[in-house]
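Protein chains in written order, with the working numbering: chain R, 3 to 394; chain E, 3 to 394. We put the CB at the ideal spot given by N, CA and C, even for glycine. Owing to the predicted nature of the structure, the values given are computational and were not obtained by experimental measurement.
Protein chains: 2
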Amino acid sequence: MTGAFHPPLRTLMGPGPSDVPPQVLEALGRPTIGHLDPQFVTLMDDIKRLLQYVFQTDNALTLPISAPGSAGMEAAFVNLIEPGDKVIVCQNGVFGGRMKENVERCGASAIMVEDTWGTEVSLDKVEQAFFENNNIKALAFVHAETSTGVRSDAKALAAIAHKHDALVIMDTVTGLAGIPVEVDTWGIDCAYSGTQKCLSCTPGIAPITFSQRAQDVIANRSTKVQSWFLDMQLIMGYWGANTKRAYHHTAPVNAMYALHESLRLVEAEGLAAAHARHALHHKALVAGLEAMGLSMAVAADVRLPQLNAVNIPEGVDDGGVRAALLEQFDLEIGAGLGALAGKTWRIGLMGFSAKAVNVRKCLLALETVLSAQGANIAAGQALAAAEAVYQA
Amino acid sequence: MTGAFHPPLRTLMGPGPSDVPPQVLEALGRPTIGHLDPQFVTLMDDIKRLLQYVFQTDNALTLPISAPGSAGMEAAFVNLIEPGDKVIVCQNGVFGGRMKENVERCGASAIMVEDTWGTEVSLDKVEQAFFENNNIKALAFVHAETSTGVRSDAKALAAIAHKHDALVIMDTVTGLAGIPVEVDTWGIDCAYSGTQKCLSCTPGIAPITFSQRAQDVIANRSTKVQSWFLDMQLIMGYWGANTKRAYHHTAPVNAMYALHESLRLVEAEGLAAAHARHALHHKALVAGLEAMGLSMAVAADVRLPQLNAVNIPEGVDDGGVRAALLEQFDLEIGAGLGALAGKTWRIGLMGFSAKAVNVRKCLLALETVLSAQGANIAAGQALAAAEAVYQA
Numbered sequence: 003m004t005g006a007f008h009p010p011l012r013t014l015m016g017p018g019p020s021d022v023p024p025q026v027l028e029a030l031g032r033p034t035i036g037h038l039d040p041q042f043v044t045l046m047d048d049i050k051r052l053l054q055y056v057f058q059t060d061n062a063l064t065l066p067i068s069a070p071g072s073a074g075m076e077a078a079f080v081n082l083i084e085p086g087d088k089v090i091v092c093q094n095g096v097f098g099g100r101m102k103e104n105v106e107r108c109g110a111s112a113i114m115v116e117d118t119w120g121t122e123v124s125l126d127k128v129e130q131a132f133f134e135n136n137n138i139k140a141l142a143f144v145h146a147e148t149s150t151g152v153r154s155d156a157k158a159l160a161a162i163a164h165k166h167d168a169l170v171i172m173d174t175v176t177g178l179a180g181i182p183v184e185v186d187t188w189g190i191d192c193a194y195s196g197t198q199k200c201l202s203c204t205p206g207i208a209p210i211t212f213s214q215r216a217q218d219v220i221a222n223r224s225t226k227v228q229s230w231f232l233d234m235q236l237i238m239g240y241w242g243a244n245t246k247r248a249y250h251h252t253a254p255v256n257a258m259y260a261l262h263e264s265l266r267l268v269e270a271e272g273l274a275a276a277h278a279r280h281a282l283h284h285k286a287l288v289a290g291l292e293a294m295g296l297s298m299a300v301a302a303d304v305r306l307p308q309l310n311a312v313n314i315p316e317g318v319d320d321g322g323v324r325a326a327l328l329e330q331f332d333l334e335i336g337a338g339l340g341a342l343a344g345k346t347w348r349i350g351l352m353g354f355s356a357k358a359v360n361v362r363k364c365l366l367a368l369e370t371v372l373s374a375q376g377a378n379i380a381a382g383q384a385l386a387a388a389e390a391v392y393q394a
Numbered sequence: 003m004t005g006a007f008h009p010p011l012r013t014l015m016g017p018g019p020s021d022v023p024p025q026v027l028e029a030l031g032r033p034t035i036g037h038l039d040p041q042f043v044t045l046m047d048d049i050k051r052l053l054q055y056v057f058q059t060d061n062a063l064t065l066p067i068s069a070p071g072s073a074g075m076e077a078a079f080v081n082l083i084e085p086g087d088k089v090i091v092c093q094n095g096v097f098g099g100r101m102k103e104n105v106e107r108c109g110a111s112a113i114m115v116e117d118t119w120g121t122e123v124s125l126d127k128v129e130q131a132f133f134e135n136n137n138i139k140a141l142a143f144v145h146a147e148t149s150t151g152v153r154s155d156a157k158a159l160a161a162i163a164h165k166h167d168a169l170v171i172m173d174t175v176t177g178l179a180g181i182p183v184e185v186d187t188w189g190i191d192c193a194y195s196g197t198q199k200c201l202s203c204t205p206g207i208a209p210i211t212f213s214q215r216a217q218d219v220i221a222n223r224s225t226k227v228q229s230w231f232l233d234m235q236l237i238m239g240y241w242g243a244n245t246k247r248a249y250h251h252t253a254p255v256n257a258m259y260a261l262h263e264s265l266r267l268v269e270a271e272g273l274a275a276a277h278a279r280h281a282l283h284h285k286a287l288v289a290g291l292e293a294m295g296l297s298m299a300v301a302a303d304v305r306l307p308q309l310n311a312v313n314i315p316e317g318v319d320d321g322g323v324r325a326a327l328l329e330q331f332d333l334e335i336g337a338g339l340g341a342l343a344g345k346t347w348r349i350g351l352m353g354f355s356a357k358a359v360n361v362r363k364c365l366l367a368l369e370t371v372l373s374a375q376g377a378n379i380a381a382g383q384a385l386a387a388a389e390a391v392y393q394a
């Protein structure tokens with residue numbers, strides 16, 4: 003017979019999942035009820051309202067997709083893009099490339115605006131792409147690149163798209179609740195995220211929001227959405243306002259309990275306080291890493307506080323260090339992704355993981371493991387540097 | 003501030019979700035670890051092996067899709083079907099219609115074989131459809147129609163498809179672990195299911211399996227799979243054997259804990275014992291319902307033991323009865339779906355819900371509520387009839 007699985011107690015400081023608060027895990031394990039139960043419908047209403055809060059939007063079409071963030075991305079493209087459309091896609095990391103795949107699988111053309119991984123999306127290049135191409139249906143970009151730890155200027159990018167009457171599709175999987183996300187103020191037509199980053203919920207669900215303009219585009223499509231599962235016109239029958247909740251698919255009931263609880267925690271803290279907390283622990287972590295002699299991979303003005311890309315020192319065994327952190331300290335940090343594999347580590351401070359105890363643990367563990375590997379680092383400095391930030 | 007959500011303790015005897023055992027809920031709430039954690043990889047290996055057992059297959063490509071059963075259906079079609087293909091789709095309920103939608107959204111043609119809802123798929127009509135059409139890529143049918151409670155003869159349907167060299171795509175969302183499913187013996191090329199039926203896990207995940215022949219079809223596609231998220235060639239990089247587990251999307255880690263635990267429970271009971279248990283409680287329930295004077299909507303030889311469609315007696319308020327069952331007894335039974343809305347109730351005996359205590363509760367509650375509504379039923383007979391089955 004197969005044995006039970008008892009996971010180790012990890013500290014999750016990779017690119018997600020982040021540490022999940024006990025309250026959220028407890029909510030997750032509450033007794034399952036039916037997806038059409040009247041009580042479940044009240045939960046759905048709460049979740050929609052709380053998602054409107056975290057996205058800072060009044061969009062009626064704001065809901066959780068019953069699948070991971072990647073499906074959130076796909077939901078954005080398959081609903082808004084039709085064969086023959088042209089989309090400007092900004093790529094400065096892995097996820098811009100995934101957007102390109104999505105656009106092309108919709109039968110549309112992706113006009114790529116490429117920037118060096120680890121730098122932000124260039125506003126000038128986007129302006130240029132709009133001037134060189136007509137009839138652009140949408141501009142798509144990643145607000146917070148999970149593969150590099152870079153924040154791009156979503157507000158300015160959206161403003162460029164508006165000048166050219168294009169829809170704005172924003173990936174904020176890693177952004178939401180970690181840094182300001184202002185869907186209505188910025189004029190984002192579709193934004194999607196994931197639960198396992200700064201919302202500190204378990205992985206598997208993708209919050210998404212569509213503006214009225216985006217809804218109109220969906221309502222006036224000339225072709226059917228290629229995905230039945232992600233077709234918003236069908237999903238609205240279940241999640242929409244003022245309708246009898248019609249069965250579309252069986253909602254992941256328990257995952258909704260957990261999402262509800264994690265959103266409640268964000269609401270209780272308040273978005274501004276959450277952003278300040280992420281910024282503080284980021285500052286302490288960076289101070290510690292730099293005191294140790296490590297260097298950050300991303301320029302200070304575009305760094306994501308919740309995802310810290312660190313250059314791997316020369317001669318250090320990437321996989322060996324991460325394995326030692328996991329084995330000796332139950333600490334997970336992220337490897338580099340795509341072009342940055344073997345070149346950077348990604349240290350997450352997302353949601354519940356963004357706290358001083360994690361910063362201290364990470365600095366001490368990293369110092370211990372790097373010292374054991376004979377890396378050329380300044381020992382004994384990191385913690386004091388971090389504490390100085392906390393005392394300031 | 004938003005209040006916490008504490009679900010009521012329901013008895014789930016609808017068409018799914020079914021009652022979830024406490025062990026599975028407890029597993030669900032265990033601490034989250036990373037989706038690339040070496041310990042998570044051992045869990046994935048267990049899950050694949052256990053899914054092979056419940057599907058009765060040696061298929062290497064057997065895994066859980068990170069989304070509900072509807073996405074399992076979509077994964078089957080988008081991977082195996084390409085634009086211009088012809089697929090024979092059997093429809094004898096809601097889900098055959100959903101298959102048609104999937105086929106058409108793949109740019110393929112659906113040749114429909116339609117049977118009256120509440121009856122099984124006609125083998126003769128399927129034979130006929132093959133003789134009237136050439137170059138059929140696949141035959142698609144629903145093994146256990148959740149909307150009507152009908153079992154179709156999967157083995158015989160697959161044999162017809164084999165004669166015509168067509169792939170066999172089988173929906174066994176409601177079948178798996180409730181009645182025999184023999185993927186290899188029957189020669190099913192792709193079968194998919196859901197976690198929230200006879201596996202008695204929380205909803206949100208779709209087990210799926212592809213034969214070697216199906217894998218070859220996928221490997222030799224001339225077009226890209228239209229869904230990035232459901233593209234098996236990409237997913238194999240994460241779930242496949244003998245590969246470094248490459249990131250595709252973030253797996254729903256906690257949902258995998260729950261699935262693992264629910265599969266362990268099936269393994270511990272054994273499939274044959276699980277099938278016998280479903281059959282026994284079905285027999286007792288039907289005896290009780292008929293003693294009460296209610297009639298079954300489906301002929302005895304094609305009834306699904308795990309999903310019992312009952313004709314709603316004339317003059318009875320469908321919604322009122324279900325609401326009273328929920329309010330007075332915390333008991334959920336299912337409404338009719340699609341063409342059967344208002345005509346039948348669907349009483350589930352799926353997985354952990356298939357037990358004598360549920361049968362007794364359901365019979366007594368239904369008798370009480372129907373009597374209060376002034377329905378013309380024989381009171382005081384149902385429980386004895388059910389007990390007679392248990393004593394036999």
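Rounded to whole angstroms, the gap between the alpha carbons of R/Ala-394 and R/Ala-278 is 14 angstroms. Against chain E, the CB of R/Lys-226 has a partner CB under 8 angstroms away; the residue lies at that interface. In the displayed model, R/Ser-213 falls within coil according to three-state DSSP, outside both helix and strand. Between R/Leu-27 and E/Gly-31, the C-beta spacing is below 8 angstroms. Positions of the alpha helix (DSSP H) runs, each at least 4 residues long and wholly inside the stretch 55-120 of chain R, are given as 71-82 and 96-107 in order along the chain.
Rounded to the nearest angstrom, the gap between the Cα atoms of R/Arg-266 and R/Thr-197 is 13 angstroms. Within the model, the alpha-carbon separation for R/Leu-368 versus E/Ile-237 is close to 32 angstroms. Those residues of the stretch 33-51 of chain R placed with their C-beta closer than 9 angstroms to a C-beta in chain E are Pro-33, Thr-34, Ile-35, Gly-36, His-37, Leu-38, Asp-39, Pro-40, Gln-41, Phe-42, Thr-44, Leu-45, Asp-48 and Arg-51, ordered along the chain. In the structure shown, E/Cys-200 adopts coil according to DSSP, grouped into three states. Not a single CB atom of chain R sits nearer than 8 angstroms to the CB of E/Tyr-194.
DSSP places R/Ala-140 inside the beta strand (DSSP E), whose first and last residues are 140-144. Ranked by how close their Cα comes to the Cα of E/Thr-59, the residues E/Asp-191, E/Met-234 and E/Glu-316 have E/Asp-191 in first place. Rounded to whole angstroms, the separation of the alpha carbons of E/Ser-224 and R/Ala-276 is 48 angstroms. For R/Asn-360, the enclosing alpha helix (DSSP H) stretches over residues 358-374.
With its beta carbon at least 8 angstroms from every one in chain R, E/Ala-275 lies outside the interface.
Contacts between E/Asn-104 and chain R, judged by CB atoms closer than 8 angstroms, involve Trp-230 in chain order. Partner residues in a beta bridge of E/Thr-34, as assigned by DSSP, do not exist. Among the residues of chain E, those whose CB is under 8 angstroms from the CB of R/Thr-204 are Thr-34, Pro-254, Val-255, Asn-256 and Ala-257, following chain order.
With its beta carbon less than 8 angstroms from one in chain R, E/His-251 belongs to the interface. If you check each beta-carbon in the stretch 107-124 of chain R against every beta-carbon of chain E, the ones closer than 7 angstroms belong to Arg-107. Between R/Leu-178 and R/Leu-159 the beta-carbon gap is near 17 angstroms, outside 8 angstroms, which marks them as no contact. Residue burial annotation: R/Ser-229 is buried, with at least 16 other C-beta atoms found within 10 angstroms of its C-beta. Separation of R/Met-46 and R/Ala-78 (C-alpha to C-alpha, rounded to the nearest whole angstrom) is 21 angstroms. In the structure shown, E/Tyr-249 adopts coil according to DSSP, grouped into three states.
When C-alpha distances from E/Gln-214 are compared across E/Asp-186, E/Thr-44, E/Leu-201 and E/Asp-233, the shortest belongs to E/Asp-186. With a cutoff of 8 angstroms on beta-carbon distance, R/Ala-390 and R/Ala-208 are scored as not near each other.
Taking 8 angstroms as the cut-off, the beta carbon of R/Phe-7 is found no closer than this to the beta carbon of E/Tyr-392. Taking the C-beta atoms as reference points, R/Val-96 is found nearer than 8 angstroms to R/Gly-340. Residues of chain E with a Cβ closer than 9 angstroms to the Cβ of R/Ala-142 do not exist; the shortest Cβ-Cβ separation is about 14 angstroms.
For E/Pro-10, the chain R residues whose C-beta falls within less than 9 angstroms of its own C-beta are Pro-33, Ile-35, Asp-39 and Gln-41, listed in chain order. Taking R/Leu-328 as the centre and dropping the five residues before and after it, the same chain places the C-beta of Glu-334 closer than 7 angstroms to its C-beta, in chain order.
Look at R/Trp-188 here: in three-state DSSP terms it is helix.
Residue R/Asp-39 holds the alpha-carbon nearest to the alpha-carbon of E/Pro-19 among R/Gly-272, R/Asp-39, R/Gln-25 and R/Gly-180. Leaving aside the five residues that flank R/Ser-373 on each side, the residues in its chain whose CB is nearer than 6 angstroms to its CB run, in chain order, Ala-381. When the five nearest sequence neighbours on each side are left out, the beta carbons in the same chain lying within less than 8 angstroms of the beta carbon of E/Asn-256 are those of Leu-30, Gly-31, Arg-32 and Thr-34, in order along the chain. The Cβ of R/Arg-100 sits closer than 8 angstroms to at least one Cβ of chain E.
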